[in-house]
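Asks: Residue numbers (the UniProt record's numbering): 1 to 36.
We put the CB at the ideal spot given by N, CA and C, even for glycine.
Once you've had a glance at the structure underneath, I'll fire off some questions.
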């Protein structure tokens with residue numbers, strides 16, 4: 001198993017997870033703003 005490829009894959013996974021969390025946060029905030 002190539003360590004560099006594994007590290008790159010792990011980095012991509014954490015990056016996409018973080019981006020999804022940010023998107024979810026923004027969506028909830030937008031929903032709250034729309035409600036008020």
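Over the uninterrupted alpha helix (DSSP H) stretch that includes residue 1, give me the two end residues.
Replies: Counting from 1 along the chain shown, the entry for residue 1 is found at position 1. Segment: none, residue 1 is in no alpha helix (DSSP H) and carries neither H nor E.
Asks: Roughly how many angstroms lie between the CA atoms of residue 26 and residue 1, to the nearest whole one?
Replies: The count along the chain shown starts at 1 and reaches residue 26 at position 26. The count along the chain shown starts at 1 and reaches residue 1 at position 1. When rounded, the distance between both Cα atoms is 38 Å.
Asks: If you reduce the DSSP assignment to three classes, tell me which class residue 14 lands in.
Replies: Taking the first residue of the chain shown as 1, we reach residue 14 at position 14. Helix at residue 14.
Asks: Roughly how many angstroms separate the alpha carbons of residue 36 and residue 30, rounded to a whole number?
Replies: In the chain shown, residue 36 corresponds to position 36, counting from 1. In the chain shown, residue 30 corresponds to position 30, counting from 1. Their Cα atoms are separated by approximately 10 Å.
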